[in-house]
Structures are given as C-alpha cells and as structure tokens.
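Quick mapping for you: the protein sequence lines, in order, are chains H and V. 121 is the number of the first residue of the first sequence in the numbering used here; add one for each residue after it. 26 is the number of the first residue of the second sequence in the numbering used here; add one for each residue after it. Ideal placement from N, C-alpha and C gives every residue a C-beta, glycine not left out. Input: a single structure, listed below in structure tokens.
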Amino acid sequence: MSLLSFLDREHTVAKSGFSRWMVPPAAMCVHLCIGQAYAFSVFNLPMTKLIGVSQSAPNDWKLTELGWIFSLAIFFLGVSSAVFGRWVEEGGPRKAMFAAALCWAGGFFISAIGVSIHNLWLIYLGYGVIGGIALGIGYISPVSTLIKWFPDRPGMATGMAIMGFGGGAFIASPLSVWLMSKFSSATHAGVAETFVVLGVVYLIFMMVGAAIVRVPAPGWKPAGYMPPVSAQKLITKNDVYVYDTLKTPQFWLIWWVLCLNVTAGIGVLGQASAMSQEMFPGHITPVAAAGFVGLMSLFNMGGRFFWASTSDYIGRRNTYFIFMVLGFVLYCTVPHTGSIGSVSGFVICFLVIISMYGGGFSTVPAYLKDMFGTRYVGAIHGLLLTAWSMAGIFGPVLVNYIREYNVTHGVPKAQAYNTTMYIMAGLLVIGFICNLMVKAVHERFHMKSDKAGRALAEVGAASQPAGA
Amino acid sequence: MTTNDQQETTTLQLLLAWGFVGVPLTWGVLQTLVNAMKLFQ
C-alpha cells in the first residue's frame with residue numbers, strides 16, 4: 121500500500137473491535153500541537169533582539185512588525201478552514217491531519233530560515249501563511265469524525281479535541297522558553313534552533329495522530345446506543361450540503377452568536393494582564409497579573425470541555441443562552457468589583473467569562489451538527505470559523521481603543537475599562553437575540569438521497585446549487 | 026481471535042494513546058498552575 125493510498129478515507133475505516141476511545145487522543149495529537157499558536161508571543165521579545173542580543177539594535181525587528189505574524193496566522197486559519205473544509209470532509213481525517221502536519225512543521229522550518237538570515241517576510245510566509253493554513257486544516261480535521269464516533273455525546277467528544285487546542289499553549293510556552301535557554305548564548309538568541317526542534321517534535325506528534333485516527337464503518341453505532349425515536353425540534357436527522365448552509369438564516373445566526381461570544385472574550389483575554397493591574401493599582405502586581413493570565417488560560421481550556429459536555433444534557437441553544445445571560449450579568453458586575461476594590465470578585469467574574477469564551481468554541485460543532493446533520497459538519501464548521509477571524513479584530517480593537525479614548529479624555533485608568541465592559545454586555549444581548557431566533561432548518565435545504573450520493577461522487581467538483 | 030475484519034483495541038494501546046497526549050498536557054497544566062499561584066501570594 122503506497123503512502124498516498126494509506127491516507128485515503130477508505131483505508132481509515134475502523135475494523136470491528138476498534139475502540140472509539142482511540143480517536144480523541146488522535147484528535148488531541150493535532151490540536152495540542154496547533155494550540156502552540158496561543159503561545160507564539162513568547163518569541164516576540166527574543167525576536168526583537170536577534171541582532172543586538174542583549175538589547176534591540178537599530179536593525180532589529182519591532183514588536184509591531186512581529187505582531188503581524190500571529191494576526192496573519194489567525195487570518196489564514198479562518199480562510200483555510202473555509203476554503204479547504206469540503207476537501208477535509210471528503211478526503212478524510214488522516215489525509216487532513218497529514219497535510220496539517222506537513223504545513224505546520226514546514227512553517228516552523230521556513231521561519232527558522234527567516235530568523236537565521238533575518239528576513240521577516242519568510243516568517244510571515246512560514247508561520248503566518250503556511251502555519252495559518254495548517255491551523256485551519258488541523259482545527260477542523262477531527263471534528264466530524266469525533267461526532268460520528270460519539271453520536272451519544274457529540275459535545276463531549278469535540279470538547280475534548282478543542283480543549284487540546286486551548287491546552288497546546290501550556291506545553292508550548294514553557295517548552296519554548298526552555299529550548300531558547302538551551303540554545304542561546306552571549307551572542308545568539310537561539311530562536312532559529314528552537315523553531316527547528318519544535319517543527320520536528322510537532323511533525324512526529326501530528327503524524328502519530330494521523331496514523332491512529334479511524335472513521336467508523338458505515339452504519340456503525342455505539343453498543344447499546346438507540347438514536348432518539350421521537351423527532352427533536354432542534355436536532356435534525358437530515359443533512360444539509362455544505363454550501364447550501366450559507367443560504368440558511370440559521371448559519372448566519374450561529375455565525376453571529378459565535379462572533380459576539382468570541383469578541384466578548386478575546387478582547388479581555390489579550391488585555392487581562394494590563395487591565396487587572398490598572399483596575400487594581402497596588403493590589404495586583406505584574407507577577408500576580410501573570411498568574412491571573414495563567415489561571416484564565418486554564419479556565420479557557422477547562423471551559424471547552426465542561427460547557428461542551430454540559431450541552432449534551434441541556435441542549436446547545438440553552439448552553440449559549442447561559443453564555444449570553446451569565447456573561448451579561450458578569451460584564452455588568454466587573455466595573456462594580458473595581459469600584460469596591462474586590463480583587464476576588466474581579467478574578468471570579470473573568471474566570472467564568474473566559475470559561476464561556478472557550479465553551480463557545482467547543483459547543484459550536486455540536487450545534488452545527490444538530491442544525492445541519494453530520495455529513496458536512498466539519499466543512500460547515502470551517503466556514504463558521506471566519507467568525508473567529510472577525511472577532512479577533514473586533515475584540516482587541518474594542519478594548520484597546522475605548523480604553524485609549526477614555527484615558528486621553530481624563531478618565532482615571534482604574535475606570536477606563538468600564539465603558540468597554542458595558543459594550544461587551546450589550547454585544548451579548550445581541551447574541552442572545554440571534555440565538556433566540558435559531559429555529560430548525562427548513563426541509564427545502566435538506567439533501568435528497570440522490571443528491572447526497574452525487575455530492576459524495578463529485579469530489580473536487582464545484583459546489584452544488586441549493587436543493588429546492 | 027483477530028481476523029482481517031476484526032482488530033481489537035487493547036487496554037495497552039488505549040493507555041499509550043492517552044498517555045502520549047495526557048502526560049505533556051498534565052506537565053503543561055502543572056507548570057501553569059505553579060505560575061498562577063503567584064496571584065495568591
């Protein structure tokens with residue numbers, strides 16, 4: 121069997137006796153690696169001193185120039201998950217994981233060359249573009265496979281994988297710092313060597329995931345699992361073709377629900393350290409603020425598993441209602457915690473908020489599966505991730521610019537974030553309304569059986585028109 | 026008995042797969058927790 125055929129979907133069909141519990145670790149092999157993106161900032165300062173080493177030289181890169189690397193990667197995450205979603209769905213998880221592994225490791229290797237010859241454009245290309253494509257393909261690669269293996273607990277299954285993405289930074293951050301300390305010297309920062317080692321480690325890790333992943337045989341279901349006999353209003357038994365979802369109001373309502381939920385979280389996640397110190401001057405030191413950021417990352421990761429698993433019991437729409445209502449209450453409470461000087465109240469508010477930020481990411485694949493069926497859920501999820509790219513711009517802009525405006529207009533720094541908190545609460549009200557408007561998809565969008573067969577057969581062809 | 030159409034997953038395989046992702050993740054979480062404790066010092 122050649123390597124290419126080994127990657128094909130038909131060669132990944134599980135034989136009888138294969139345990140479905142092998143699939144979540146396969147998915148996590150990929151998500152733990154690409155989750156490194158959240159820890160890329162550990163390279164920012166060392167990369168501003170590649171020439172000067174002990175301090176920045178005039179020809180060294182500036183932080184503003186380096187900030188584009190992460191922005192490009194997140195942009196290409198959204199683009200590639202939308203563009204390659206259908207290819208991932210039809211080619212199978214092994215092929216997608218393999219491609220993601222090559223791109224992710226390749227991105228690191230190209231970036232290492234960029235660091236060695238001090239060419240920033242090579243890093244934009246390597247980590248930003250090629251690495252960003254790996255992020256998109258890798259992120260969606262195990263989603264539909266997990267949902268098919270766990271029809272009884274789809275939220276929990278995808279929650280585990282997406283929790284891995286949140287957890288990737290926990291490994292990458294200390295590992296990168298340790299590697300740079302080993303490779304650095306009085307005349308050398310050690311960034312290029314660290315990139316090479318990370319590329320090799322991630323390549324091996326992701327290849328292991330690609331090797332052990334399996335798709336269930338057609339018609340397979342877990343032992344003792346009985347699909348619900350009575351129809352459930354917001355859980356369809358039909359499939360919607362990937363590009364037909366764009367014609368449904370449900371897709372765009374969920375797109376806005378995700379975008380608003382992520383906007384509310386991502387802004388404070390990026391500014392948590394500065395915000396906590398400015399709101400509680402003298403109480404929260406820079407060291408304590410770093411601890412606060414670490415704690416937030418833990419709740420971001422834990423929330424991904426907790427909320428997605430909870431959604432299996434209370435329903436996806438209800439889970440998002442909790443995000444919106446509880447988030448609204450907490451954002452309105454934050455300014456009050458600042459005015460009474462309650463550090464513990466402030467910390468608790470943001471830990472819950474950030475757990476719901478993570479929960480928003482991990483619950484959405486199962487929400488899409490409920491709305492549009494399992495057939496193209498991975499590709500539809502890819503299209504939806506453009507909401508993440510959008511939120512990545514909205515969130516930080518809202519927090520940074522409103523703070524800046526308030527400070528320049530004489531508002532004390534301790535109160536400069538209050539307006540932003542109320543705006544975030546307002547965004548969640550809009551998200552609540554969007555979520556409230558989500559109804560079952562009209563049957564005219566459901567794939568007919570012959571159309572489903574056609575879609576399976578026409579891999580690589582152009583998209584189909586909406587079924588009418 | 027294992028045939029061509031059957032491939033039983035062993036407990037060892039499951040342990041290895043979960044350990045492969047679980048050990049580094051636990052190490053990273055512990056590192057983060059140690060740093061996070063500085064908030065309460």
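For Met62 of chain V, report the span of its alpha helix (DSSP H) as first-last.
No alpha helix (DSSP H) contains Met62 of chain V, which DSSP labels as neither H nor E.
Along the region 269-287 of chain H, where does the CB come closer than 8 Å to a CB of chain V? Name the residues.
Gly284 and Gly287
Where the alpha helix (DSSP H) through Ser464 of chain H begins and ends
Val463 to Phe492
Whose CA, out of H:Met444, H:Met283, H:Trp269 and H:Asp180, lies closest to the CA of Asn589 of chain H?
Because chain H here runs from 121 to 588, residue 589 of chain H falls outside it and cannot be looked at.
Indicate whether at least one CB of chain H lies closer than 8 Å to the CB of Leu50 of chain V.
yes
With C-beta atoms as the reference, is Ala499 of chain H less than 8 Å away from Arg206 of chain H?
yes
Looking only at DSSP bridge pairs, what is Ser305 of chain H linked to?
H:His308
So, does the CB of Leu40 of chain V fall closer than 8 Å to a CB anywhere in chain H?
no
Jot down the residue ranges of each uninterrupted alpha helix (DSSP H) in the region 131-219 of chain H, minimum 4 residues, whole runs only, in chain order.
143-154, 164-167 and 183-211
Taking the alpha helix (DSSP H) that His501 of chain H falls in, what are its first and last residues?
Val497 to Leu504
Taking Ser139 of chain H as the query, report the chain V residues whose CB atoms sit under 7 Å from its CB, ordered along the chain.
Thr34 and Leu39
Using a threshold of 8 Å, state whether the C-beta atoms of Val673 of chain H and Phe470 of chain H are closer than that.
This structure leaves residue 673 of chain H out entirely; chain H is present only between 121 and 588.
Taking 6 Å as the limit between beta carbons, can you name the residues of its chain near Gly502 of chain H, skipping five residues before and five after?
Ser201, Ala202, Gly205 and Ile260
Beta-carbon spacing of Thr494 of chain H, Lys268 of chain H below 8 Å:
yes
DSSP beta-bridge partners of His566 of chain H:
H:Val360
If we define contact as Cβ-Cβ less than 8 Å, is Ser417 of chain H a contact residue for chain V?
yes
Counterpart residues of Val517 of chain H in DSSP-defined beta bridges
DSSP lists no partner for Val517 of chain H.
State the Cα-Cα distance for the pair Asn381 of chain H and Gly198 of chain H, rounded to the nearest angstrom.
16 Å
Do the region 209-221 of chain H and the region 313-331 of chain H make contact, defined as three or more Cβ pairs closer than 8 Å?
yes
Contacts around Phe552 of chain H, its chain only, beta-carbon distance under 6 Å, and the 5 residues preceding and following it disregarded
Met444
By the three-class DSSP mapping on this structure, what secondary structure does Ile233 of chain H have?
helix
Strand pairing of Gln352 of chain H, partner residues [DSSP]:
H:Ile355
State the Cα-Cα distance for the pair Met544 of chain H and Gly387 of chain H, rounded to the nearest angstrom.
9 Å
I'd like to confirm the pairing. Which residues does DSSP put opposite Val335 of chain H in its beta bridges?
H:Val133
What is the DSSP secondary structure of Gln32 of chain V, counted as helix, strand or coil?
coil
Alpha carbon to alpha carbon, what distance is there between Ala384 of chain H and Leu547 of chain H?
7 Å
Euclidean distance between Cα positions of Phe138 of chain H and Thr34 of chain V:
5 Å
Counted within 10 angstroms of its Cβ, other Cβ atoms place Tyr158 of chain H as buried (16 or more) or exposed:
buried
Residues of chain V with CB under 7 Å from Ala148 of chain H, in chain order?
Before going further, note that residue 148 of chain H is Met rather than Ala in the sequence given. Val46, listed in chain order.
Strictly under 8 Å for the Cβ-Cβ distance: is Pro347 of chain H near chain V by that measure?
no
For Ser236 of chain H, which option in H:Tyr451, H:Tyr537, H:Ala309 and H:Leu418 has the closest C-alpha, if you only look at C-alpha atoms?
H:Ala309
Ordered along the chain, which non-local residues of its own chain (more than five positions away) have a Cβ less than 6 Å from that of Pro455 of chain H?
Asn538 and Met541
Beta-carbon separation of Pro193 of chain H and Gly252 of chain H under 8 Å?
Looking at the sequence itself, residue 193 of chain H is Ala, so the reference to Pro does not match. The answer is yes: Cβ separation under 8 Å.
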